[in-house]
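Chains as they are written, first to last, in the working numbering: chain G, 1 to 325; chain W, 1 to 325.
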DNA sequence: AAAAATATATCAACCGTTTAACATCCAGAT
DNA sequence: ATCTGGATGTTAAACGGTTGATATATTTTT
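1. Are there three or more Cβ pairs, one per stretch, closer than 8 Å when the stretch 106 to 125 of chain G is compared with the stretch 44 to 55 of chain W?
2. Can you check whether the C-beta of residue 80 (chain G) is within less than 9 Å of a C-beta belonging to chain W?
3. Quick one: residues in its chain with C-beta nearer than 7 Å to the C-beta of residue 103 (chain G), no 5 flanking neighbours on either side, listed in chain order?
4. Please classify residue 117 (chain G) as buried or exposed, where buried requires at least 16 other C-beta atoms within 10 Å of its C-beta.
5. Which residues, in chain order, does the stretch 69 to 93 of chain W contribute to contact with chain G at a C-beta distance below 7 Å?
6. Give the single residue among G:172, G:194, G:171, G:273 whose Cα lies nearest to the Cα of residue 155 (chain G).
7. Are any of the Cβ atoms in chain G nearer than 9 Å to that of residue 228 (chain W)?
8. Are any of the Cβ atoms in chain W nearer than 9 Å to that of residue 149 (chain G)?
9. Output the distance between the C-alpha atoms of residue 56 (chain G) and residue 284 (chain W), rounded to the nearest integer angstrom.
10. Buried or exposed: where does residue 143 (chain W) fall if 16 or more other Cβ atoms within 10 Å of its Cβ makes it buried?
11. To which residues does DSSP link residue 278 (chain G) through a beta bridge?
12. Counting Cβ pairs closer than 8 Å, one from the stretch 202 to 214 of chain G and one from the stretch 168 to 188 of chain G, do we hit at least three?
13. Just verifying my parser: in three-state terms, what is the DSSP assignment at residue 315 (chain G)?
14. Using Cβ-Cβ distances below 9 Å, what residues of the stretch 240 to 252 of chain G are close to chain W?
15. Can you tell me the Cβ-Cβ gap for residue 271 (chain W) and residue 243 (chain W), rounded? I've got them flagged as a contact below 8 Å.
16. For residue 46 (chain W), which residues in chain G fall below 8 Å Cβ to Cβ?
17. CA-CA distance, residue 296 (chain G) and residue 303 (chain G)?
18. Under the rule that 16 or more other beta-carbon atoms within 10 Å means buried, what is residue 132 (chain W), buried or exposed?
19. How many Å lie between residue 170 (chain G) and residue 219 (chain G) at the Cα?
20. Throw me the rounded Cβ distance for the residue 239 (chain G) and residue 71 (chain G) pair, which I believe falls under 8 Å.
21. Quick one: what's residue 154 (chain W) bridged to in DSSP?
22. Please list the terminal residues of the continuous alpha helix (DSSP H) segment that includes residue 122 (chain G).
23. With contact counted as at least three CB pairs below 8 Å, one residue from each stretch, are the stretch 304 to 312 of chain G and the stretch 268 to 282 of chain G in contact?
24. Compare the Cα-Cα distances from residue 149 (chain W) to each of W:300, W:1, W:324, W:316 and report the closest residue.
25. Nearest CA to the CA of residue 163 (chain W): which residue from W:322, W:29, W:80?
26. Name, please, each residue of chain G whose Cβ falls closer than 8 Å to the Cβ of residue 51 (chain W).
27. When we look at the beta-carbon of residue 192 (chain G) and count the other beta-carbons within 10 Å, is it buried (16 or more) or exposed?
28. Compare the beta carbon distance of residue 65 (chain G) and residue 121 (chain G) with 9 Å and say whether it is the shorter of the two.
29. Which residues share a DSSP beta bridge with residue 270 (chain G)?
30. Measure the alpha-carbon distance for residue 127 (chain W) versus residue 267 (chain G) and round it to whole angstroms.
31. Residues of chain G with CB under 8 Å from residue 133 (chain W), in chain order?
32. Strictly below 8 Å CB to CB, what residues from chain G border residue 330 (chain W)?
33. Closer than 7 Å, Cβ to any Cβ of chain G: which residues of the stretch 16 to 41 of chain W, in chain order?
34. Please name the residues in the stretch 250 to 269 of chain W whose beta-carbon is closer than 7 Å to at least one beta-carbon of chain G, in chain order.
35. Going by Cα to Cα distance, which pick from W:278, W:316, W:254 is closest to residue 291 (chain W)?
36. Quick check on DSSP: helix, strand or coil for residue 310 (chain G)?
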């Protein structure tokens with residue numbers, strides 16, 4: 001790999017001059033500028049960002065910690081985050097925590113060693129105190145930390161309310177919410193709050209089913225839903241806390257020969273791409289994934305520039321009515 | 001951020017000694033080792049990997065260029081690649097090319113500037129000559145380059161053959177292959193070769209439909225499939241070159257009130273997670289995504305260690321029969 | 001008591017780049 | 001003839017770490 005020295009020698013100038021060309025500082029005549037650029041071209045020279053980052057104390061690297069990029073929600077979110085980051089000159093270091101506390105910690109340390117400029121944290125199993133130790137611009141997804149760490153979320157309570165009301169409006173008499181584990185202190189838990197409160201207010205029978213703390217496993221979803229129908233054969237409405245769960249619910253309904261939406265109505269959450277691709281198309285609560293990703297990056301960049309940021313950043317959700325209700 | 005100097009001072013030793021502790025070189029007594037570790041703990045010291053990488057000429061960074069991580073196939077692939085890379089001490093820099101030539105080039109240059117140790121390239125729109133310019137360990141997905149760049153692929157011809165034969169065995173008389181654009185010189189094109197040859201051999205009417213060169217857009221898939229049925233109302237078998245395309249085909253069949261699998265049989269490709277999650281579950285050709293990801297990383301690591309690697313690395317595919325055939 | 005091994009220190013070079021300070025040269029304006 | 005400012009050079013320090021050479025203790029072995 002050619003260095004700035006090679007370029008300088010070949011162009012017959014000093015490294016200072018080359019550096020000046022590279023960084024547009026000081027006086028440089030058009031002639032030398034052209035000559036230097038030409039040599040860089042010839043040598044296929046690329047400035048070493050490690051060296052630059054070391055000197056500048058800024059790496060332009062962002063750590064992204066998610067449960068796994070193979071989950072479509074996080075896949076889509078990551079794509080948007082990376083796209084926006086790239087447009088702003090930042091690179092994404094991808095970390096799949098698999099929702100394991102130890103991995104989260106390990107990744108955070110690794111990111112610090114690599115001098116990332118900030119961390120986007122969308123996987124939350126570590127203890128709250130760990131967050132304050134990070135000591136780096138950080139933005140959180142869907143989780144409020146006691147300390148003043150900014151977070152991005154969508155309006156989970158409103159989403160839960162929209163979903164529950166839709167089921168009831170459509171005539172459901174006995175409904176269930178299948179959600180992630182409520183012991184994880186996530187803002188998504190507000191969906192269940194809304195579900196419970198709305199069902200109570202409107203005097204409808206309701207049940208809550210939680211998944212295990214583990215990872216996303218469709219087998220588990222299917223088992224839970226099957227058990228649910230066994231216990232409550234008259235269940236006629238399911239509010240699934242992700243579109244993937246909704247797809248599992250659809251599958252089980254077909255197995256049990258329950259017609260959708262006539263006998264059972266199902267509403268999902270997220271509105272990932274496949275929600276409108278599968279048959280029947282899934283009615284769902286749309287999270288503004290692109291906006292959330294962009295906002296997270298914006299907040300991170302502001303923090304890096306020592307600008308003030310709001311701690312709470314909640315975006316609105318919308319109901320996407322399709323074929324399962 | 002504390003530096004090695006801070007640690008040395010606080011521990012009352014020199015940086016050389018700290019560095020020795022850090023790197024396990026030379027003589028170090030247990031006492032000083034402990035003391036140094038304790039101080040590192042107290043200061044929450046993390047060695048600066050930029051500085052280390054700069055000196056060592058090795059960053060432990062790998063560039064991963066894919067069309068987009070929001071596509072489930074690449075999402076799953078990326079998760080496996082990152083997981084295996086992490087276990088080997090490598091970090092992944094995520095690059096979504098959106099299948100744009102300019103972005104691919106830009107990303108490659110960026111990765112070189114950041115001194116990545118190697119590149120996994122799963123997006124191929126740049127010209128073949130560009131690959132030789134890279135001058136870095138590289139491994140390619142599903143694309144053979146004239147130069148001796150190693151590639152990982154699954155047995156596309158066999159996959160196409162399995163799929164086509166299944167449709168015919170099940171009684172299809174008029175079949176179509178919906179595939180990506182054949183002008184992109186991808187090994188996936190062998191699926192179409194196999195499709196055509198098998199259909200001819202067995203004397204079955206067949207058609208090939210290509211998508212535009214663009215990105216993956218379900219709207220486009222749906223339009224193509226709708227047109228296909230308009231032109232060939234008696235079509236009774238579809239070989240879709242991805243599970244997402246198969247899902248689109250299912251959707252259109254429902255719209256046209258064609259029963260699956262009685263009137264139309266559909267087989268997908270990839271066996272991404274959602275293939276077995278949707279209803280009906282998609283019959284598909286399973287690519288060994290995890291093995292392919294791992295193999296790609298292994299080949300890259302071997303190249304980085306100057307070991308010899310095979311250019312051609314083709315893994316077997318298997319038929320997953322489910323509900324759409 | 002001498003030799004060998006262990007433990008640590010000091011010093012300096014190096015990785016590739018940036019940047020500040022200062023010097024030099026030249027062309028044009030005064 | 002002098003001044004001004006543009007264009008470049010020289011030099012050296014800095015970023016944070018690694019490493020080799022060399023020196024100097026202290027222990028341990030012979």
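Glycine residues also receive a C-beta, built at the ideal position from the N, C-alpha and C atoms. Quantities reported herein were computed from a predicted structural model and do not represent experimental measurements.
From the atom records:
1. yes
2. By one-based count along the first chain, residue 80 (chain G) stands at place 80. Cβ-Cβ to chain W under 9 Å: yes for residue 80 (chain G).
3. The residue given as residue 103 (chain G) occupies position 103 in the first chain. Counting only Cβ-Cβ distances below 7 Å, and skipping sequence neighbours, we find 97.
4. Against the first chain, residue 117 (chain G) aligns to sequence position 117. Classification of residue 117 (chain G): buried, given that the 10 Å Cβ count is 16 or more.
5. 69, 70, 72, 75, 76, 78, 79, 82, 83, 91, 92, 93
6. In the first chain, residue 155 (chain G) corresponds to position 155, counting from 1. The shortest C-alpha separation from residue 155 (chain G) is found at G:194.
7. Translated into positions along the second chain, residue 228 (chain W) becomes position 228. No - not a single Cβ of chain G is within 9 Å of the one on residue 228 (chain W).
8. Position 149 of the first chain, counting from 1, holds the residue named residue 149 (chain G). By this cut-off, residue 149 (chain G) is not an interface position.
9. Here residue 56 (chain G) is taken as the residue at index 56 of the first chain, counted from 1. Here residue 284 (chain W) is taken as the residue at index 284 of the second chain, counted from 1. So the two alpha carbons sit approximately 51 Å from each other.
10. In the second chain, counting from the first residue as 1, residue 143 (chain W) sits at position 143. Buried.
11. Residue numbering aside, residue 278 (chain G) sits at position 278 when the first chain is read from its first letter. In DSSP, residue 278 (chain G) forms no bridge with anything.
12. yes
13. Taking the first chain and counting its residues from 1, the one referred to as residue 315 (chain G) is at position 315. Note: residue 315 (chain G) maps to strand in three-state DSSP.
14. 244, 247, 248, 250, 251
15. Position 271 of the second chain holds residue 271 (chain W). Position 243 of the second chain holds residue 243 (chain W). Right, their Cβ atoms sit about 7 Å apart.
16. Position 46 of the second chain, counted from the first residue, corresponds to residue 46 (chain W). Result: 109, 112, 113.
17. Locating residue 296 (chain G) in the first chain gives position 296, counting from the first residue. Locating residue 303 (chain G) in the first chain gives position 303, counting from the first residue. Each residue's Cα considered, the two are about 11 Å apart.
18. Locating residue 132 (chain W) in the second chain gives position 132, counting from the first residue. Counting Cβ neighbours within 10 Å, residue 132 (chain W) comes out exposed, since fewer than 16 surround it.
19. The residue given as residue 170 (chain G) occupies position 170 in the first chain. The residue given as residue 219 (chain G) occupies position 219 in the first chain. So the two alpha carbons sit approximately 29 Å from each other.
20. Translated into positions along the first chain, residue 239 (chain G) becomes position 239. Translated into positions along the first chain, residue 71 (chain G) becomes position 71. No, residue 239 (chain G) and residue 71 (chain G) are not in contact; Cβ-Cβ is about 19 Å, not under 8 Å.
21. Counted from its first residue, the second chain places residue 154 (chain W) at position 154. Paired residues: W:315.
22. By 1-based counting over the first chain, the position of residue 122 (chain G) is 122. That residue, residue 122 (chain G), is in no alpha helix (DSSP H); it is neither H nor E in DSSP.
23. no
24. Translated into positions along the second chain, residue 149 (chain W) becomes position 149. Looking at the Cα atoms, W:300 is the closest of the given residues.
25. In the second chain, counting from the first residue as 1, residue 163 (chain W) sits at position 163. Nearest C-alpha to residue 163 (chain W): W:322.
26. Counting from one through the second chain, the residue named residue 51 (chain W) turns up at place 51. Ordered by position in chain G, the residues that pass the 8 Å Cβ test against residue 51 (chain W) are 54.
27. Start at 1 with the first residue of the first chain, and residue 192 (chain G) comes out as number 192. The residue in question, residue 192 (chain G), is buried, as its Cβ has 16 or more Cβ neighbours within 10 Å.
28. The residue labelled residue 65 (chain G) in the question sits at position 65 within the first chain. The residue labelled residue 121 (chain G) in the question sits at position 121 within the first chain. In this structure, residue 121 (chain G) lies closer than 9 Å to residue 65 (chain G) by Cβ.
29. Working through the first chain from its first residue, we reach residue 270 (chain G) at position 270. Beta-bridge pairing links residue 270 (chain G) to G:286.
30. To locate residue 127 (chain W), count along the second chain from 1; it is residue 127. To locate residue 267 (chain G), count along the first chain from 1; it is residue 267. Approximately 46 Å between the Cα atoms of the pair.
31. As a working note, residue 133 (chain W) is residue 133 in the second chain. By Cβ distance, chain G contributes 44.
32. Residue coverage of chain W in this structure runs from 1 to 325, which leaves residue 330 (chain W) outside it and unanswerable.
33. none
34. 250, 251, 254
35. To locate residue 291 (chain W), count along the second chain from 1; it is residue 291. Closest option to residue 291 (chain W), Cα to Cα, is W:316.
36. Stepping through the first chain from its first residue, residue 310 (chain G) is reached at position 310. The answer is coil: DSSP assigns residue 310 (chain G) none of H, G, I, E or B.
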